[in-house]
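Notes follow once the structure below has been shown.
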Amino acid sequence: MESFGKLTLLLATLIVSAQCLTQSPPRIVKQPPTDELLFQVAVQQNENDKPFIIECEAEGEPAPKYRWIKNGKHFDWQAYDDRISQQPGRGTLVITSPRDEDVGQYQCFTENEWGIATSNSVFVRKAELNSFKEEQPITLTAEEGKPFKLTCNPPDGWPKPNVYWLIQNSDGGIKSINSSRMTLDPEGNLLFSNVTKADASDDFTYACSATSVFRNEYKLGNRVILQVVSGGVSASQNRHEPVAQYLSRNNEVALRGKKVEIYCIYGGTPLPQIRWSKEGGALPPERTTQGNYGKSLIIKHVKFEDQGIYSCEATNGIGAAKSHAVTLQVLAAPYFTVEPQIAHAAEGEEVTFECEASGVPIPQISWIYNGKPIEAAPPNPRRKVTPNKITIERLESKDTGNYGCNATNSLGYVYKDVYVNVLALPPEITEPPKDEATVDGKTVRLTCRVFGAPKPVVKWVKGGSELTGGRFKVLDSGDLEIGDVNFYDGGDYSCIATNKFGTVDAPGSLTVKEHTTIVHEPEDYEVAAGTSATFRCNAVADTSLKLTIDWLSNGQPLDFEAEPRYVRASDSSLTIAKTSELDSGTYTCVARTDLDEARAQATLVVQDVPNSPTLTTVSCNRRDASVQWNPMGDNRAPILRYTIQYNTSFTPDTWEVAFDSIPATDKAYTVAMSPWANYTFRVIAWNKIGPSLPSEHSDVCTTQPDVPSKNPDNVEGKGTEPDNLVISWTPMPEIEHNAPNFMYRVYWRKDIPGEQWQSREINKWENSSLMISNQPTYQRYRIKVVAINERGEANVSPKDAIGYSGEDVPTQAPKNFTLVQVTGSTSALLSWAAVSPESVRGNFKGYKIHTWTDREGESNPREIKIKGDSQRAVVDKFIPNTMNHARILVYNGRYNGPPSDTLSFETPEGVPGTVQSFDAFHMGSSALYLVWKRPEQPNGHLTGYRIYYQVVKGTKVGPLMEREPHITDPKQTRAKLAGLETGAKYRIHIRATTRAGEGKEYFIEMRTRGSVSSKPDPPKFKWHRLPSDNGLAAIKVVWLPNIEGKPGSHFYVRYRLKGEANFQKTNPEMAEDYIVVRGLRPGEVYEFLVVAVDGDYSSESELEEVETYSIEGPMIQAKENVATAGWFIGMMLAIAFLLLVLVIVCIIKRNRGGKYAVHEREAARGRNDYAEEPGGFHEYSQPLDSKSQGRGSMSSDPKQPPESDTDSMAEYGEGDTGRFTEDGSFIGQYGAGGNKRRPEEQSPSAMATYV
């Protein structure tokens, strides 16, 4: 097996070697150009030679030999010593020391035993650049603001030198010129669009430079010193319309594939702007640029469709726009439309060489065989020659040879040398398929290049099936072309090549991705100059491909760094700031991946105000003038109207509008003129962007004097003080005086029958008023003002005006200002008696009611105006639930009258206003956490809040539902709204409440979160101790959700005794934000934490220790009403019990022991209210209430002396206020001069009685 493997390897090597050495006629791979080849000759002794080469290199088997001809004759390069040599193994000539005699037409031939190949024929030419004529700098003078030209006379040279103008400083240094005002024309002249003072040659000269790019050298000459003189006008008036400086010929020629530049250079002040266009179509979008700041149009890689008429338009807002048209003709040197191809064929086959060429003029085609015209070739009956085709039938080995096709016209030639090689070889795949990728919808080509003789037949297989017809096409080259690719075309492919000597195959693959699509194309824009324009472009592509979006302007990529006005945003939109006319054009969005691209374009039209019109004639008549004008361009926005303005010698710096809306179709209008004035006119054009600059003003039109044609306007009379009348009017401007010596005559009289007119003359026309003193208060007058000049009074009668003298303060306050009824929390019905008309002393306007509260103060009351003569009104500006004060006064056109008496009354409690703010925050997927601020206007005592909610679906709102329970704590400003639908939109209402009812609502709309849950943020909480519950402690835990983050949807509490291992937990709280944990042992320390929950996720708070107080210890209790508190009731019962015991003790004390002689002594004092009863014990036999009644009767008897409060205590109490005698009688208050007992002498029983 090992020997067999070595043998196979050796055989394969021999086969490859044999193929590499397959016979082949020569094939030129490097050759001279078709036009010319330049060389440079050393002129000076110290100058180094500049070698050059004439290339010629070919392939073939056996290796070909080379020979050259020069000027049609054999060229023996060996005869030139060492100056000319040929590269080893190649035909390339190396000229190391060029001389003038090397100029000539050269052509290379390369041959072996199978054929002779012919190269291009090239003309070798010497490059040179002569010098300028020696001249001294010349001085030229230019006028500021006008165009100017500096002429250059460049030296001869080949190729034609490039000409530039430079600035040469006095020290010899040079710098280039780069200014939008300076342009170089094709003849080398420097054109100034307009000259400024900065262009003057202070310490430099302008110098013309001729440059040879090939020789890499330049020459200076034609130096100019430029002097700039002023035109004698200001900069604002130094304006000149566009004037042509250099224009391309009316008929220009461009060569296909080359560049052409059309010039349109205009001068003027301001700098003219150039707009380019093509008749009958758009400018070539991707191959057109503008040079020289828009003054030239450059078309790259010219095509036949570029032929046509190109126009430029120059405008600068002064004078008429200027235009120029250039007809461009496209010629073409010959180029192949069908090229002959190298042919490998087997004996007996047929081979065809095709050659077709185009050009303008039409080229002539000729054939070459082995270096000679086909006509000089040996005859071959199997070869058929036509102008565009050579066919050789039944090939034989001797038919191997070189054929060349040459197409020639007056502009040049194109030549290609090929061969036919008659072989016998098995198939070989020289370029196998690759792993390709493309996008759907495109056409893709899978490569498979084969070689063999006879030519192998190629077929393609995918998934075991041959691909033929329809979208699949096997090309002559062996490649597979698939049209309109779809995703099913992705996969592995196999290329199979077969001829009679064998079969060979090679694999490849194709990956199909989604094509790029622009989903939002840019839209066409029309914008006003100076504003911004934004183009938006959104695209989608295969997710595995990187998508980029670029922008083109008129086919050229935008340079965002060089032009800061172009801004590309993060969404790939393009914004052009501060647009100008030059920004008009086509903008293309290019969405590009590595595999494809999509394009969409939009047009930007930048519109500007019109050019100023041109006045053509102004015809002056006696009382009017006829004005005529011509429009001078609308700048892409149609003219909508015209305005005619005038000024006069009275106001030379002010332009007034004569007519503002003259139709755009009119070009003439008649304007009325006043007498005794000098008029000048101008015209302004308007489009949707705005007004143009005004036209030049007209010549002066003068009118003759006349009487005034009107009287002053706005005549009125009113007093500024109670005793005067001020007559005022609008002064008439000088244009209305109509003659010299203009003045006013003012008339007035009381509006009473029989009153005579009084008058006064006002000589100063600027005056606008006359004050007449010592007039009665608020008197009605008739007034008129007449205009007068030296020609007489106005020719129209003045109109009477009604006026009044001054007003005074009303003298009477409204009477009987009464509160009829309080109609609401903020309203009340008030009434009053009207004041007398005489007391108003002016124009009666009505009444003013002032109202205020004690808190606001009287100094800044609210004011309610009551129009007319009403005597009652409902006022709704009162403050609810407070004491309101009000007063009323009358007022006239100038003064308030005295106020009435002040009313004071209380308004009932009202419903509150809206809450100040209301927000909702997500709590999980089905709850919202509501937060609000109490109303700014509670209008009473808040009692709580009501919350309602509705489901919102589209524009429909569901039924109103109320949150339960109601919020009864007015201090509460947060609540949880639970049990909502997931992902639903809700309208949530809140109303504050007082005892008067629910207030105004405040609502918001909020959508609950979707059903996706997330882990809540760690919660926080606070706690309070509650009163004991059956001997056990209770803790209120309040959850503090993180409304700015992820609070969760609900919570529960975990707790344990400190030191224990296991936690207890409460039930989840779904509706509120607090939980009361009951049944805790008093006097213990617990550990609490809160768990926030959202779906399957939960988060715990930090652990916090909570100490429960013992029952005797302090505890936080709810504030109780004293009247219902248990301790208070118990104390009252104890006091009642002690009083009962006291009464019983008194009765017992009263009835114990012997009889005292108190009764007799009291009877002696006149007390006889004790009835005699049998059985003794007279003093203590009466019931207690009888004694009370007895004392009452005594106290009501005026004859009885008064009895002190201590008497009853002595009678019924056990202690006394005086002293006892030995027999037990009182000597205290009843004894003369008895002193009260000192406190330290009180007995224990007395102390007990007073408890």
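Every position in the sequence shown, counted from 1, becomes a number in our numbering once 520 is added. Note that CB positions come from ideal geometry on N, CA and C, so glycine has one too. The model shown is predicted, which means the values in this text are computed figures rather than measured ones.
May I ask you to report which of helix, strand or coil DSSP gives residue i?
i, result
"G1650", "helix"
"P1357", "helix"
"Y1324", "strand"
"F1007", "helix"
"K1238", "strand"
"Q757", "coil"
"V1129", "coil"
"P584", "coil"
"K1566", "coil"
"Y1415", "coil"
"Y600", "helix"
"K918", "helix"
"V1138", "strand"
"E1625", "strand"
"Y1676", "Any reading at Y1676 is ruled out, since the residue's pLDDT is 42, under 50, leaving its predicted position unreliable."
"C925", "strand"
"D955", "strand"
"V1665", "helix"
For chain B, check one thing: does any of its Cβ atoms lie closer than 8 Å to the Cβ of residue i?
i, result
"P1273", "Given the protein chain composition of this structure (a single chain), no chain B is represented."
For residue i, which option in the options has the closest C-alpha, if you only look at C-alpha atoms?
i, options, result
"P1561", "A973, Y889, S1621", "S1621"
"G1568", "A1612, G1551, R1112", "A1612"
"A583", "D602, I548, I574, K590", "I548"
"H844", "F724, A866, I829", "I829"
"S696", "K669, G677, F724", "F724"
"T967", "S639, A1188, L1030", "L1030"
"Y1189", "W1175, I1204, W1196, N1198", "I1204"
"T911", "N926, I894, A927", "I894"
"N922", "T928, G891, L1072, I1595", "G891"
"W1452", "T1493, R1483, N900, R1085", "T1493"
Decide if residue i is buried, meaning its Cβ has at least 16 other Cβ atoms within 10 Å, or exposed.
i, result
"M702", "buried"
"E1580", "exposed"
"E1358", "exposed"
"R1392", "exposed"
"F1080", "exposed"
"R1361", "buried"
"P976", "buried"
"Q765", "buried"
"P1228", "buried"
Please report the residue range of the beta strand (DSSP E) in which residue i lies.
i, result
"V1772", "Past the edges of the chain, shown from 521 to 1771, lies residue 1772, and the structure says nothing about it."
"V1306", "1300-1309"
"S816", "816-819"
"G635", "635-646"
"S982", "In the sequence as displayed, the identity of residue 982 is Lys instead of Ser. Note, K982: beta strand (DSSP E), 977-982."
"F1441", "1435-1443"
"A863", "863-865"
"D1070", "1068-1073"
"K478", "Examination of residue 478 is not possible in this model, given that the chain is present from 521 through 1771 alone."
"M1263", "1263-1270"
"K550", "544-550"
"V1183", "The question names Val, but residue 1183 is Pro in the sequence shown. Its beta strand (DSSP E) spans residues 1176-1183."
(Q) Three Cβ pairs or more, each shorter than 8 Å: is that satisfied between the stretch 574-583 and the stretch 624-641? (A) yes
Would the stretch 1386-1403 count as touching the stretch 1365-1373 if we require 3 or more Cβ pairs under 8 Å? yes
| query | For the 8 Å Cβ check, are there 3 or more pairs between the stretch 1530-1549 and the stretch 1604-1619? | reply | With the cut-off at 8 Å, the stretch 1530-1549 and the stretch 1604-1619 touch.
Answer yes if the stretch 1298-1306 comes into contact with the stretch 1255-1271, meaning at least three C-beta pairs across the two stretches below 8 Å, and no otherwise.
yes
- prompt: Between the stretch 1238-1251 and the stretch 1337-1355, do three or more beta carbon pairs fall short of 8 Å?
  reply: Judged by Cβ distances under 8 Å, the stretch 1238-1251 makes no contact with the stretch 1337-1355, as fewer than three pairs qualify.
Margin query: Whether or not the stretch 1051-1066 and the stretch 1129-1146 are in contact is what I'm after, with contact meaning three or more pairs of Cβ atoms, one per stretch, closer than 8 Å; do they touch?
Written below: no
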